[in-house]
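Numbering (this note's numbering), first residue to last: 1 to 462. Quick reminder that beta carbons are idealized off the backbone N, C-alpha and C, glycines included.
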RNA sequence: UGCUCCAUAGCGUAAUGGUAGCGCGGGUGACUGUUAAUCACUAGGUUACUGGUUCGAGUCCAGUUGGAGCAGCCA
């Protein structure tokens, strides 16, 4: 007799009446005078195993009254049950208590609100919904690495503590070891950062893109996949203060090729999850987001839409819809516009390309028209922007001018300009918000529910 | 940060300005195989906090705190 997991019982094709040994926690328990039914879960898979405990068992009185979440060990016969809702059960001949749960265990056999579950983020992975979400998150992360590695990308770990303001992507979290009650000051009364740990002001990174580009020049195709931090005071279901980003960057690649990789990556992740999380997706489809599986299959099999900003503006202006903000060429499109394009016009993930240069970052490559940059954002129904990318300005002189034009401090970008000074290489890259991808794949509608312990303005619990 | 909505038992919720109720969960018991088992009984409340209006406030008003949504910022 060997110690098995619940997953083993479902997958190992055991002989009827094999004696097995299990350890796990009680998901639910139903009892009558002479028999108890325990759904035993050990985390090895979504499903539980039904354990039968009969009155003849010496621990029957104790076991049959255990609260949910108590942990037990079970030894007994694996018996196939072709006529029952579950494929097998285990007749617990020897059942022993390991740890009794308290009866005030807050997860009841009924739906509870996501808001409440966020207050018990340390217990919610034990629910069916969050178990599914976080297993899928893990599978999606693996699929990202697998896709990129198979396509000859090199994984680069860029610094999390940074002294540069990357791209002005947002407010940053200050990192310091200075005594906040007794800050060293210079002669003008300003805080003297030269007395700090790094002898300069440092922050948590908002993006690994700029340092990553140094590795593009050496390895051709590279990517980062790690945490990033934004101190924005955003209160939306799509923003978190700490989130994970995937940032591929590709040398000798232009915008269309970049979009192909982004689209290929998203589809690969979706297909991987469809293949490896059937139980979890079925549960989410039935209980969280009806139609989820069909939506994912459709996304994985259709081409994404591609439209230029300029054409999109025309579409929006001709649309038979009243927008709160009227559309004219040059504006940064609002959520309502983006939603209309991908949810009503194209009804699928949509790349918007070639934005006005004035509303995009300095490092994006100028197009020949002098008005637009070679940028592409991917908008996804229900979530909005999931990918943001561009060709990088590789022309030394143009980049130099743009740094000045965007009012950035050239000294800080010395090293970045060196990447062009020592051999210009055309390259493109993009960033994917990993949580937004997980939201899309799981059907969850709030970013707080796809991060194990979310960080947001006003809250860093657990 | 701006605007809007919400806060009642552990959870989900009900209650014209007039005795705070129900379901789930908990406890006790019944039941010969259940599938979120079923049935009976039972405990559990300073209605988020502070103040106001009123004969009387869960309900109306003001403020505070917490939560959610929309917008902006973005991924």
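Asked                                                                                                                                                                          : Found
From what residue to what residue does the beta strand (DSSP E) around residue 22 run?                                                                                         : 18-31
Closest to residue 347 by CA distance: which of 370, 332, 365, 383 is it?                                                                                                      : 383
Would you list the residues sitting across from residue 413 in a DSSP beta bridge?                                                                                             : For residue 413, which the question treats as bridged, DSSP gives no partner whatsoever.
Taking the runs of the alpha helix (DSSP H) that are 4 residues or longer, which of them lie wholly in the stretch 199-240?                                                    : 209-219
What distance in whole Å lies between the Cβ atoms of residue 362 and residue 402, which are believed to be in contact at a cut-off of 8 Å?                                    : 5 Å
Using DSSP bridges, identify the partner residues of residue 380.                                                                                                              : 384
Count the CB pairs spanning the stretch 121-128 and the stretch 200-212 that are closer than 8 Å, and state whether there are at least three.                                  : no
Classify residue 359 as helix, strand or coil using the three-state DSSP reduction.                                                                                            : helix
Suppose only complete runs of 4+ residues qualify. What are the alpha helix (DSSP H) ranges in the stretch 267-332, listed by chain order?                                     : 278-287, 292-301, 309-318
Run the CB neighbour count on residue 309, radius 10 Å, all protein chains shown included, and call it buried at 16 or more, exposed below.                                    : buried
Distance, Cα to Cα, residue 457 vs residue 182?                                                                                                                                : 26 Å
Does the stretch 283-294 come close enough to the stretch 327-337 that 3 or more CB-CB pairs lie under 8 Å?                                                                    : no
Grab the span of the alpha helix (DSSP H) containing residue 143 for me, first residue to last.                                                                                : 128-150
If we count the other Cβ atoms within 10 Å of its Cβ and call it buried at 16 or more, is residue 209 buried or exposed?                                                       : buried
Between 307, 118, 69, 22, which has its C-alpha nearest residue 91's C-alpha?                                                                                                  : 22
Can you list, in chain order, the residues of its chain with a C-beta nearer than 6 Å to that of residue 184? Leave out the 5 residues immediately preceding and following it. : 192, 195
I'd like the span of the beta strand (DSSP E) that includes residue 37, first residue to last.                                                                                 : 35-41
May I ask which residues mark the beginning and end of the beta strand (DSSP E) holding residue 336?                                                                           : Run containing residue 336: none in the beta strand (DSSP E); it sits in the alpha helix (DSSP H), 335-339.
With a cut-off of 8 Å on the beta carbons, I'd call residue 212 and residue 247 a contact; round off their distance for me.                                                    : 6 Å
Just to confirm my understanding: we take residue 163, look at its own chain, exclude 5 residues before and 5 after, and list those with CB closer than 6 Å. What are they?    : 200, 202
Three-state secondary structure (DSSP) at residue 112?                                                                                                                         : coil
Give the DSSP-derived three-state secondary structure of residue 70 in the structure shown.                                                                                    : coil
Quick one, are the C-beta atoms of residue 88 and residue 50 less than 9 Å apart?                                                                                              : yes
Check whether the Cβ atoms of residue 220 and residue 152 lie closer than 9 Å to each other.                                                                                   : yes
Cβ-heavy atom distance between residue 429 and the ligand PLP below 8 Å?                                                                                                       : The ligand content of the structure shown is nil, which means the ligand PLP is not present either.
Should residue 187 be labelled buried (16 or more other beta-carbon atoms within 10 Å of its own) or exposed?                                                                  : exposed
Under the three-state reduction of DSSP, which class applies to residue 265: helix, strand or coil?                                                                            : helix
Check this for me: beta carbons of residue 252 and residue 154, under 9 Å apart or not?                                                                                        : no
Would you mind working out which of 244, 416, 38 sits nearest residue 450, comparing C-alpha positions?                                                                        : 244
Could you spell out where the beta strand (DSSP E) holding residue 353 opens and where it closes?                                                                              : 350-353
For the alpha helix (DSSP H) containing residue 7, list its first residue and its last residue.                                                                                : 6-11
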